[in-house]
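**Student:** Take this structure, written in structure tokens, and hold onto it; I'll ask about it next.
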Amino acid sequence: MSEICERAVDELGRVVLPKELRHALDLREKMKLSIRREGDEIVLSKARPCCKLCGSEQELTEVGYNSLCAACIERIKAL
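Counting from 595, one number per residue, gives the positions in the sequence shown under our numbering.
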């Protein structure tokens with residue numbers, strides 16, 4: 595893993611990712627990232643899409659910035 599640059603953490607705990615890195619990884623506004631700790635490192639990765647209601651990763655449909663699975667969509671339609 596190569597270090598590209600250093601960034602300061604602001605008073606709210608935020609860090610700005612460099613524009614070049616965001617473009618290289620196709621990170622867009624409102625995209626969700628998974629954040630985990632590995633020893634003394636913080637690891638960011640693109641979040642895998644899953645149903646906002648049940649957590650399923652199967653048969654997803656994007657609704658705004660969220661995803662819903664086919665089963666939950668059918669349950670909502672039945673209401």
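Glycine is no exception: its CB is placed at the ideal position from the N, C-alpha and C atoms.
Pull up the distance between the alpha-carbon of G633 and that of K671, whole angstroms please.
**Tutor:** Here residue 633 refers to the residue found at position 39 of the sequence shown. Here residue 671 refers to the residue found at position 77 of the sequence shown. If I take the Cα positions, the gap works out to 45 Å.
**Student:** What separation, rounded to the nearest whole angstrom, lies between the Cα atoms of L606 and Q652?
**Tutor:** Locating residue 606 in the sequence shown gives position 12, counting from the first residue. Locating residue 652 in the sequence shown gives position 58, counting from the first residue. Rounded to the nearest angstrom, the two C-alpha atoms are 35 Å apart.
**Student:** Alpha carbons only, please: which of E656, L615, L627 and V610 is nearest the one belonging to R642?
**Tutor:** For the purposes of this step, residue 642 is taken as the residue at position 48 of the sequence shown. Among E656, L615, L627 and V610, the Cα nearest to that of R642 is on L627.
**Student:** Taking the alpha carbon of L647 as the reference point, which residue from L621, E623, S661 and R631 has its own alpha carbon closest?
**Tutor:** Numbered from 1 along the sequence shown, position 53 holds the residue referred to as residue 647. That would be S661, whose Cα lies nearest to the Cα of L647.
**Student:** Could you have a look at M595 and say whether DSSP puts it in helix, strand or coil?
**Tutor:** Within the sequence shown, numbered from 1, the residue matching residue 595 stands at position 1. Model confidence at M595 stands at a pLDDT of 48, short of 50, so the residue's coordinates are unreliable and nothing is read from them.
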